[in-house]
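With my numbering applied, the first sequence has no gaps in its numbers, which climb one by one up to 653 at the end.
Worksheet for the structure shown next.
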Amino acid sequence: MRMSRLLVRTLREAPADAEVASHQLLVRAGYIRRLASGVYTYLPLGLRVLHRVERVIREELDRADCQELLLPAMHPLELWEQSGRAALFGSDALPAMTVQARGGTFVLGPTHEEVVTVTVGAEVESYRQLPLTVYQIQVKFRDEARPRFGLLRTRELVMADAYSFDVDKEAMQVSYRTVFDAYLRIFARLGLEVTPVEAASGAIGGDVNHEFMVASAVGEDHFVSCPSCGYAASVEAATKGGAPTAGAPGGGAADGEAPMVTHHTPDRPGIDDVVAFFDDRRVTAADLLKSMAVFDAQGRPTLVLLAGDREALLPAGWRLFEDDEFAAHPSLVKGYIGPAGQQQHAIRVAADFGVARPGPWIVGANRTDHHVSGAVLDRDFGVDEWGSFAEVTSGDPCPRCGEPLELVRSVEAAHTFQLGYKYSEVMPGSNFVAEDGSEAIFSMGCYGMGVSRLLAVVAEENHDERGLVWPAEVGPFDVHLAALGTGRAPEVAAAADRLYERLAVAGVEVLYDDRDVSPGVKFADADLLGIPVRMVLGAKGLARGVVEWRSRATGEERELSIDGVVEELAGS
RNA sequence: CGGGAAGUAGCGCAGCUUGGCAGCGCGCCUGCUUUGGGAGCAGGAGGUCGCGGGUUCAAAUCCCGCCUUCCCGACCA
82 MRMSRLLVRT
92 LREAPADAEV
102 ASHQLLVRAG
112 YIRRLASGVY
122 TYLPLGLRVL
132 HRVERVIREE
142 LDRADCQELL
152 LPAMHPLELW
162 EQSGRAALFG
172 SDALPAMTVQ
182 ARGGTFVLGP
192 THEEVVTVTV
202 GAEVESYRQL
212 PLTVYQIQVK
222 FRDEARPRFG
232 LLRTRELVMA
242 DAYSFDVDKE
252 AMQVSYRTVF
262 DAYLRIFARL
272 GLEVTPVEAA
282 SGAIGGDVNH
292 EFMVASAVGE
302 DHFVSCPSCG
312 YAASVEAATK
322 GGAPTAGAPG
332 GGAADGEAPM
342 VTHHTPDRPG
352 IDDVVAFFDD
362 RRVTAADLLK
372 SMAVFDAQGR
382 PTLVLLAGDR
392 EALLPAGWRL
402 FEDDEFAAHP
412 SLVKGYIGPA
422 GQQQHAIRVA
432 ADFGVARPGP
442 WIVGANRTDH
452 HVSGAVLDRD
462 FGVDEWGSFA
472 EVTSGDPCPR
482 CGEPLELVRS
492 VEAAHTFQLG
502 YKYSEVMPGS
512 NFVAEDGSEA
522 IFSMGCYGMG
532 VSRLLAVVAE
542 ENHDERGLVW
552 PAEVGPFDVH
562 LAALGTGRAP
572 EVAAAADRLY
582 ERLAVAGVEV
592 LYDDRDVSPG
602 VKFADADLLG
612 IPVRMVLGAK
622 GLARGVVEWR
632 SRATGEEREL
642 SIDGVVEELA
652 GS
């Protein structure tokens, strides 16, 4: 491609709406342009990178025996009513958009489980056709509450999504692992360090699922990681270790420790309210015990205790009291709940491991407008069950090995789910004849990877102060060939033309800067565009029969002979 | 959805307080000079000052309403 003909305009300054480096550089270098909030055009350079990323995805998924198809981007609303997910529209969990059209209401597909299930269901009638994994690379639409950071979080996005269909759960887990491994290979080829973490499932549903996290300063997520044993989990799913044994794990009253004192704390139901009340006594939220009335998975009324500066994270199946459920348990006074004496009222007490520390707590007094300070574990209140009931943060002990955990800021680059029967039991046509002649339904998995987001992530992780630095696998071109002084030295222009032609014939994708601009402009643009290899041909080099080769990533330079350049490139 | 900030030429910004010819830098066009790290000189083009209403002799500027965009939070496949 001759740069004089390429639709690209580089900007010296970043637009004011771009905050992070990847966004600024992709705009400055002319890869993308914003059309509306969270809606971007891929200019030729941006589309080339997108295609290179897609090529890696296709090669690895095809290698794993997945088959590409293309599902519609717009779906009849009825399909979503059948799965029951239409009820989630407009919610944060499933911010779908609909359009009125001839033929009824259509959904701009935010995800494709419904469509793929009925599509494959209509074609598969026998276990002999399984296992089967299909995938597509498709545009999806999400009415994001808050698009952010350029391509990192958009309302229209390119996604690669795969779906596996198996005869039963065991077979599904094999397919899951196959795609999982293919995903790992894709990230490796893109030069991204990815950590698969156990995660919560959200609106997609299903049991086991993993998020593929790329550590990044611009990430919107965090995951928990143990540098010692390798444990990794999303913040929504992570647990921490602690004192699993009964008794007084680090608690207990020291000799002579002060007894409990009751305080009149009118209209102070919250943690922050109470901290404010004790303002002049250097009390922080960490000195308070957060006490939450819940029903555990068996439906037993339970009081969950955790340090006041932590966010609660309840185990699956546990739920908070509704307001009208407090009436049946008079020992639990909403806003002023405390642990003392609850066990005598048939309330179980479950405490987060973090509560097992020495020293007094400030707790609710189980009496409206009153709190108690100086409450000591085992002296003033007991605990029936220890567990991980708070979101994990940096420094908490690992649930496997007890070493301190790290909290890593990250971008969710992909998410895979073992769906099981969630969709096959509600969508029509999901049945097939099993080996024993009985009727069965698919056990499914689904696997989503944000392709356009990957562009932002790769750019974010590969840039310097001068511009983008694409890994060889995804750069828009292989070589950026700059001819210097072409305006006054026609012999250089002619030699560069011939070099460009020869490289093109050899299959090297070259961006040829044939513009009549100063060398400084060409160098600056080459640095900004970030094509992996820069080749410079000037009058001096031409006289000696050499062209300059330079790695954008490392800055390594060497001279190649003009005549042998094709062979030398192939060998390097 | 809550909090904050901002909309003036393609991009970055000043002008608004105190109403009076719409500006600067970069970019763009023409010519000449220049040419290994974003050149110089001369000339030129380019505007619904986000939109609507109001006040005024007069509004980018003051008042009211709306829209858009970005940041923080909530939320998130």
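Cβ coordinates follow ideal geometry from the N, Cα and C atoms, glycine included.
**Report entry** Sub-9 angstroms separation of T192 and G529 beta-carbons
**Finding:** Result yes, Cβ atoms of T192 and G529 sit closer than 9 angstroms.
Query raised in the report: Per DSSP, M84 is paired with what?
Result: According to DSSP, which records beta bridges pairwise, M84 is partnered with nothing at all.
Query raised in the report: With 16 other CB atoms within 10 Å as the buried threshold, where does P330 fall?
Result: Low local confidence applies: a pLDDT of 42 at P330 is under 50, so the model's placement there is unreliable, with the coordinate-based value given in what follows. Under the 10 Å beta carbon count, P330 is surrounded by 16 or more other beta carbons and is classified as buried.
Requested in this report: Would you kindly check if the distance between the Cβ of L160 and the Cβ of M178 is under 9 angstroms?
Outcome: The answer is no: Cβ separation not under 9 angstroms.
**Report entry** Per-residue DSSP class, three states only, for K371
**Finding:** It is a strand residue.
Query raised in the report: Identify the residues that DSSP records as bridge partners of Y112: which are they?
Result: Looking at the DSSP assignment, Y112 forms no beta bridge with any residue, so it has no partner.
Query raised in the report: How is the alpha helix (DSSP H) around V89 delimited, first residue to last?
Result: Taken as a continuous stretch (DSSP letters only), V89 belongs to no alpha helix (DSSP H), as it is neither H nor E.
Report task. Would you kindly work out how many angstroms separate the C-alpha atoms of G468 and E487, rounded to a whole number? Result -> C-alpha separation (whole angstroms): 19 angstroms.
Query raised in the report: Contact between the stretch 236 to 245 and the stretch 546 to 556: three or more CB pairs below 8 angstroms?
Result: Taking 8 angstroms as the limit for Cβ pairs, the verdict is that the stretch 546 to 556 does not touch the stretch 236 to 245.
Report task. Would you give the residue range spanned by the beta strand (DSSP E) that F293 belongs to? Result -> Per DSSP, F293 belongs to the beta strand (DSSP E) from 290 to 296.
Query raised in the report: In this structure, does DSSP put F376 in helix, strand or coil?
Result: Here F376 sits in strand by DSSP.
Query raised in the report: Based on Cα-Cα distance, which residue from M341, G231, D578 lies nearest to V457?
Result: Of the listed residues, the one whose Cα sits closest to V457 is M341.
**Report entry** For W399 and G380, the rounded distance between their alpha carbons
**Finding:** Counting only the Cα atoms, W399 lies some 8 angstroms from G380.
Query raised in the report: Apart from the five residues on each side of it in sequence, which residues of its chain come closer than 7 angstroms, Cβ to Cβ, to A95?
Result: Closer than 7 angstroms at the Cβ level, and outside the excluded window around A95, lie Q105, V108, R109.
Report task. Enumerate in chain order the residues of its own chain whose CB-to-CB distance from P485 is below 6 angstroms, with the five nearest sequence positions on each side excluded. Result -> Excluding residues within five positions, the ones whose Cβ falls inside 6 angstroms are G476.
Query raised in the report: If you follow the alpha helix (DSSP H) that G622 is part of, which residue opens it and which one closes it?
Result: Per DSSP, G622 belongs to the alpha helix (DSSP H) from 620 to 625.
Requested in this report: Below 8 angstroms on the Cβ atoms is my guess for V430 versus V464; work out the distance and round it to an integer in Å.
Outcome: About 5 angstroms separates the two Cβ atoms, so the contact holds.
Query raised in the report: On the premise that G389 lies in contact with L370, defined as a C-beta separation below 8 angstroms, what is that separation, rounded to the nearest angstrom?
Result: Yes, L370 and G389 are in contact; Cβ-Cβ is about 6 angstroms, under 8 angstroms.
Query raised in the report: Between the Cα of F170 and the Cα atoms of E225, Y417, L131, which residue gives the shortest distance?
Result: The shortest Cα separation from F170 among E225, Y417, L131 belongs to E225.
**Report entry** Boundaries of the beta strand (DSSP E) in which Q163 is found, first to last residue
**Finding:** Per DSSP, Q163 is not a residue of any beta strand (DSSP E); the alpha helix (DSSP H) it occupies stretches across 158 to 164.
Query - Extent of the continuous beta strand (DSSP E) run through K415 - result: Element bounds for K415: n/a, residue is neither H nor E.
**Report entry** Residue interval of the alpha helix (DSSP H) (run including K250)
**Finding:** K250 -> alpha helix (DSSP H) spans 250 to 270.
Query raised in the report: Can you tell me the Cα-Cα spacing of T448 and T200, whole angstroms?
Result: Note that residue 448 corresponds to Arg in the displayed sequence, not to Thr. Distance between the alpha carbons of R448 and T200: 59 angstroms.
Query - Close beta carbons around A366, own chain, < 6 angstroms, minus the five adjacent residues each side - result: Same-chain partners within the cutoff: I352, V356, G389, D390.
Query - Backbone secondary structure at Y502 - three-state DSSP - result: Y502: coil per DSSP, three-state reduction.
Query raised in the report: Measuring CB to CB, does F293 end up less than 9 angstroms from P308?
Result: No.
Report task. Starting from the Cα of A269, find the closest Cα among Q210, Q181, E554 and give me that residue. Result -> When C-alpha distances from A269 are compared across Q210, Q181, E554, the shortest belongs to E554.
Requested in this report: Kindly indicate which three-state DSSP category L584 falls into: helix, strand or coil?
Outcome: Secondary structure of L584 (DSSP, three-state): helix.
Query raised in the report: What residues are listed by DSSP as bridge partners for Q210?
Result: DSSP lists no beta-bridge partner residue for Q210.
Query raised in the report: Relative to the alpha-carbon of L88, which residue among A99, Y123, D354 has its alpha-carbon at the smallest distance?
Result: Measuring C-alpha to C-alpha distances from L88 to each of A99, Y123, D354 identifies Y123 as the nearest.
**Report entry** Beta-carbon separation (whole angstroms), P480 vs T320, contact threshold 8 angstroms
**Finding:** By a beta-carbon distance limit of 8 angstroms, P480 contacts T320. Their separation comes to about 5 angstroms.
Query raised in the report: What did DSSP end up calling A99 once you bin it into helix, strand or coil?
Result: The DSSP-derived three-state label of A99 is coil.
Report task. Name, in chain order, the residues that DSSP records as bridge partners for N512. Result -> N512 is bridged to I522.
Requested in this report: Drop a sphere of 10 angstroms on the beta-carbon of A587, count the other beta-carbons inside from all chains shown, and report buried for 16 or more, exposed for fewer.
Outcome: Label assigned to A587: exposed.
Query raised in the report: For T235 versus G127, is the C-beta distance shorter than 9 angstroms?
Result: Not closer than 9 angstroms, so no.
Query raised in the report: Does DSSP classify L150 as helix, strand or coil?
Result: If DSSP states are grouped into helix, strand and coil, L150 belongs with coil.
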